[in-house]
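Participant: Sequential numbering from 0 applies to the sequence shown in numbering that gives the first Met the number 0.
Cβ coordinates follow ideal geometry from the N, Cα and C atoms, glycine included.
Keep in mind it's a predicted model, so treat the numbers as computed, not measured.
Before anything else, here's the structure in question.
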Amino acid sequence: MVEEHNIPNVEEEHDSSYDEEDDEDFDPTKVEVVGNSDEDEDDLDGYRDGEVPKDVSKSKRDYSAIESDAGGLIKTRRARLLEESLSKTHKYEHLETSNVSESIRSVWDDLKNTSLQRLDMNRRNDTIMGESSKKENAALDEETIWIERSYKFAGQVVNERKKVLKSSAEAKEYLNSLKFQKQPDSVKKAEPKSTDVKNIEQTKTKSKSDEILKLNLRRPLKRPPILEQIIAGSLKPKLTTLEKSKLDWATFVDKEGITDELQSHNKDGYLAKQDFLSRVESVKDEKYKDFRKKQLALRFQEQNQ
């Protein structure tokens, strides 16, 4: 049998025999807090691995003094976002303006001038378009006439019927041709009057039988006059190449709308040109006469001296 011996607990005896009040060096404020040895070892391992101890609060963490390998302070994500927003809002506040060179100023002035010229051209085009629209509206309100023409050209009978403005070149040409056609009408109307007078006189002097004999003795005409056939419409007038080109030119002028331009740049006719040349020659003659008089006066003075 193994005998059991009771081993006295030295710590319990020491605690029971120790009195805190009798100890003069005892300070209750400086009580040593004894922690668990396992927890202390875990904290030390955490420090070695780079972890933050658990008992350190988040409010006491301060990263403002942490520096990176490059030497600058490490910025948090929030600090970076704040810095980017400030740089965007105050982007143009700290710009430094330097003196502009003369070449850059000249280029800028050239660009300004070209832009102003384009604006002027656009305004002029707008005014020209407005004037042309006004002219078109005025042309629509202007009186129009119908042109009916039938003629024979190059072996073919051409019938034309169109509506044009009364002030157009083609209308003026057509009206002039009508004036030419109206003159034979008046001659034709005047002829029956003279014949009627003669017949009345003959009835007074001669008998009806004599009149019948005279009428029978008249020779019939071989063919009727051409003008009467043209007026009646049975015969179509033949146009020469000059007349046809004149009509084509009138239609072209009206189609292109260059009547005003031709009038503004018109240099008059042959007589006006001859008058201008004669005036130039007269001026030259007067200048020559004045020059001859001056020469004669100088010679006369030299002879007297």
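Does Glu115 pass the burial test, meaning 16 or more other C-beta atoms within 10 Å, or should it be called exposed?
Facilitator: Rather than Glu, the amino acid found at residue 115 in this sequence is Leu. Its Cβ having fewer than 16 others within 10 Å, Leu115 is exposed.
Participant: Span of the alpha helix (DSSP H) holding Ser100?
Facilitator: Ser100 -> no alpha helix (DSSP H), and no H or E assigned at all.
Participant: Taking only three categories from DSSP, how would you classify Ser263?
Facilitator: In the structure shown, Ser263 sits in a helix (DSSP, three-state: H, G or I).
Participant: Taking the C-alpha atoms as reference points, what is the distance between Gln294 and Val282?
Facilitator: When rounded, the distance between both Cα atoms is 19 Å.
Participant: In three-state terms, what does DSSP make of Pro191?
Facilitator: For Pro191, the predicted structure reports a pLDDT of 48, less than 50, and the residue's modelled location is therefore unreliable. The matter cannot be settled from this model.
Participant: Which residue comes first and which comes last in the alpha helix (DSSP H) that contains Lys162?
Facilitator: First-last for Lys162: 155 to 164, but that is the beta strand (DSSP E), not the alpha helix (DSSP H).
Participant: Three or more C-beta pairs closer than 8 Å, one from the segment 111 to 128 and one from the segment 144 to 161: is that the case here?
Facilitator: No: the two stretches stay apart, fewer than three of their Cβ pairs being nearer than 8 Å.
Participant: Could you tell me which residues DSSP puts in a beta bridge with Phe152?
Facilitator: DSSP, once it has assigned bridges, lists Gln155 as partnering Phe152.
Participant: Bridge partners for Trp145 per DSSP, in chain order?
Facilitator: Answer is Lys162.
Participant: Where does Glu169 land, buried or exposed, given buried means 16+ other C-beta within 10 angstroms?
Facilitator: Buried, since its Cβ has 16 or more Cβ neighbours within 10 Å.
Participant: Beta-carbon within less than 6 Å of Ser167's beta-carbon, same chain only, minus the 5 sequence neighbours each way: which residues are those?
Facilitator: Cβ neighbours of Ser167 beyond the five flanking positions: Asp253.
Participant: Quick one: is Ala249 buried, meaning 16 or more other Cβ sit within 10 Å of its Cβ, or exposed?
Facilitator: Burial call: buried.
Participant: Are the CB atoms of Phe152 and Leu238 nearer to each other than 8 Å?
Facilitator: Yes, these two residues count as a Cβ contact at 8 Å.
Participant: Report the residue ranges of all alpha helix (DSSP H) runs contained in full by the segment 234 to 258; include only those spanning at least 4 residues, in chain order.
Facilitator: Those alpha helix (DSSP H) runs which fall completely within the segment 234 to 258 and span 4+ residues are 240 to 255.
Participant: Using a threshold of 7 Å, is the CB atom of Ala296 nearer than that to any non-hydrogen atom of the ligand COA?
Facilitator: No copy of the ligand COA appears in this structure; indeed no ligand is present at all.
Participant: Applying the criterion that 16 or more other CB atoms from any shown protein chain within 10 Å of the CB defines a buried residue, is Tyr173 buried or exposed?
Facilitator: That one is buried.
Participant: Where does the unbroken alpha helix (DSSP H) through Lys293 begin, and where does it stop?
Facilitator: That run of the alpha helix (DSSP H) goes 269 to 303.
Participant: If you run the structure through DSSP and keep just helix, strand and coil, what is Ser84?
Facilitator: Helix at Ser84.
Participant: So, is Leu261 buried or exposed, given that buried needs 16 or more other C-beta atoms within 10 angstroms?
Facilitator: With fewer than 16 Cβ atoms within 10 Å of its Cβ, Leu261 is classed as exposed.
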